[in-house]
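Residue numbers (the numbering used here): 35 to 735.
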């Protein structure tokens, strides 16, 4: 940046460190249930916490007028690296000499400082006065008057007056460490580039903003000469201010922490990118009303319709390095390309920023529009900052297709985005391609959407929650899980009466009416429905109860299963992060490679090129050699005959998991003939006698 600066800015003496010539506007925006941004503005106070002024290691605490969720904020700034010879002095700004320190606060109003100024110069270095200069800075938001970090939803940072001059003044550069997104004005006079440059303290700079204009931009009047970045869910961020050939002329940079400066850059429209037939859904970009974690979309100057709904994912000239369509996820993965099944209810997570109204549209009949009955699945639902789970039920008569489309829209006001096409006003629009399949969980040739017993366990889907209940939390709802509580005992066995346990594989397995339910369970066809016993009368049927007889001994233990962690469930399955991917192949646990970003380690991913040709029997994307349930029946394969084995040690016709007087151990019915209740009396008798003796003693005294 040149020393033209702001024509009316006045310097304030604050004993600040040596900082590279640069002007940044940083806006911190914090939302809970409000969409009103909280701007960070300095209150004019600063304290040198440690180190020597204007040298690496100096740390300063700046007072602000801002707060986040009720916590008043300060900002700590540390010089982490320094190659800058400027300390203080008069600088000619548009023909007027003004006093600037290496690092300070300035404003048009001396009592209302809003900009953070940085001045840099490089003196003679090994006889060369034309060396570049730079200053590395780390910023951290803290609770006022303390050093306690405060993590905020979003920090916006805008750099002003990025320009370039031939000769000895070089180009203004800002190197950013891992921002979520980088932005330039629509009429930009600056550039952005991806970089990989090591900074102090293990910092890596990943993005570069660089001035390109020869006209000497002025800070306030030329948004085209600004650059900006957003960090989400952080308390600190870092950057380097750099001029690559400053010579003897000092360079002035400036910063602000107010939303208004960034808002002047985040202008234009965001557009959906589904095929043309769906109509264009346009939204006016508003940094207070967004889909996603808080990254503003780029300006879409024209239609981005595409066959795969990814036309908006390529970066425009005004922003860089993030996916515009990143707000909707399914099982922790981007919703783009995901599969939904007929007749099933799926839970999607919708990320948003600010207080918004959400509407969503699905083309269930695959006719190329969102205008049919039932295709508006969400209508003006309130949604605020964070992730919101929403349930989407696929109609039984939806058209099976590999190319179905959905549109999600948020807006500031009710009734503004509750139509699929047209302008929604302030907000954002995202489109996704997804797949609809029929699904046949039990492979009986009857699709789940018309199968009244999806898992063929003899229990009607309606009794098992019809896709809405997942007792063991394994990602497979009870209506499609043949072991709903994952205790190693099949639902079919636990649903039978206590005296007649038979394997479901024993015939006759006839389904004359093709409803997906064996005739032998259908009373209308001369069968007998399963009784679904609840042995301990606790309101939970045995097939969902880990301790069916409530004797304190888990069913899996009473059936001689292995339960090393004593959770009542089979040990072979572990999903510690609850994302539906077993730990043995979950990239979060294996720390291996995941080329396609689906969460499955490449070694087990059927889609990985090196695994081409390896069997994937159930088509779940996991090669059989790593799939704990290779046949897709909802039950761990390695359990062998345990799933159909029922232990009855006393041969009285009642399986041990339903009987409190078993003969496994003395405590639960072995040897001396005492049942659990008898042993309980013996164990509690000494306590009772002791209490009685204490009572007698007190009375005697």
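Idealized CB from N, CA, C, for every residue including glycine.
Reference residue i; option with closest CA among the options
i	options	result
residue 440	451, 464, 421	464
residue 474	467, 486, 647, 468	486
residue 422	392, 84, 316, 435	392
residue 304	291, 496, 331	331
residue 442	488, 326, 623	326
residue 197	244, 382, 100	244
residue 459	301, 81, 247	301
residue 419	444, 315, 319, 410	444
residue 522	506, 511, 514, 513	506
residue 125	508, 513, 99, 152	152
residue 242	220, 266, 211, 267	211
residue 448	333, 389, 172	389
residue 737	265, 90, 228, 133	The displayed coordinates of the chain run from 35 to 735. Any statement about residue 737 would go beyond what the structure contains.
residue 185	179, 107, 246	107
residue 105	578, 82, 175, 417	175
residue 311	263, 395, 401	401
residue 338	306, 383, 246	306
residue 454	76, 462, 313	313
residue 564	284, 554, 374	554
residue 341	438, 275, 271	438
residue 256	650, 450, 524, 219	219
residue 292	395, 410, 149	149
residue 262	247, 268, 298, 276	298
residue 113	102, 233, 178	233
residue 324	385, 365, 284	385
residue 557	645, 602, 494	494
residue 362	425, 266, 414, 600	425
residue 83	103, 101, 77, 111	111
Enclosing beta strand (DSSP E) for residue i [first to last residue]
i	result
residue 375	373 to 375
residue 96	93 to 102
residue 390	390 to 396
residue 81	76 to 84
residue 151	149 to 154
residue 413	410 to 417
residue 108	105 to 117
residue 264	261 to 268
residue 290	285 to 290
residue 216	215 to 218
Cross-strand partners of residue i (DSSP beta bridge)
i	result
residue 277	167, 206
residue 305	316
residue 183	176
residue 367	364
residue 462	444
residue 227	242
residue 232	238
residue 424	382
residue 326	Residue 326 is not bridged to any residue.
residue 559	Its beta-bridge partners do not exist; DSSP assigns none.
Opening and closing residue of the alpha helix (DSSP H) in which residue i lies
i	result
residue 296	293 to 297
residue 505	Looking at the DSSP string, residue 505 is not in any alpha helix (DSSP H), and its letter there is neither H nor E.
residue 528	525 to 528
residue 222	Where residue 222 is concerned, there is no enclosing alpha helix (DSSP H), given that its DSSP letter is neither H nor E.
residue 622	621 to 624
Distance CB(residue i)-CB(residue j) smaller than 8 Å
i	j	result
residue 258	residue 222	yes
residue 369	residue 468	yes
residue 118	residue 182	no
residue 630	residue 619	no
residue 86	residue 92	yes
residue 660	residue 641	no
residue 429	residue 408	yes
residue 343	residue 316	no
residue 10	residue 230	Absent from the structure is residue 10, since the part of the chain shown begins at 35 and ends at 735.
residue 456	residue 446	no
residue 510	residue 504	yes
residue 470	residue 374	yes
residue 264	residue 227	no
residue 173	residue 260	no
residue 516	residue 525	yes
residue 134	residue 276	no
For residue j and residue i, believed in contact at Cβ under 8 Å, the rounded distance
i	j	result
residue 381	residue 501	11 Å between Cβ atoms; not a contact.
residue 209	residue 273	6 Å
residue 296	residue 321	7 Å
residue 552	residue 647	At roughly 36 Å, the Cβ-Cβ gap does not stay under 8 Å, so residue 552 and residue 647 are not in contact.
residue 602	residue 590	6 Å
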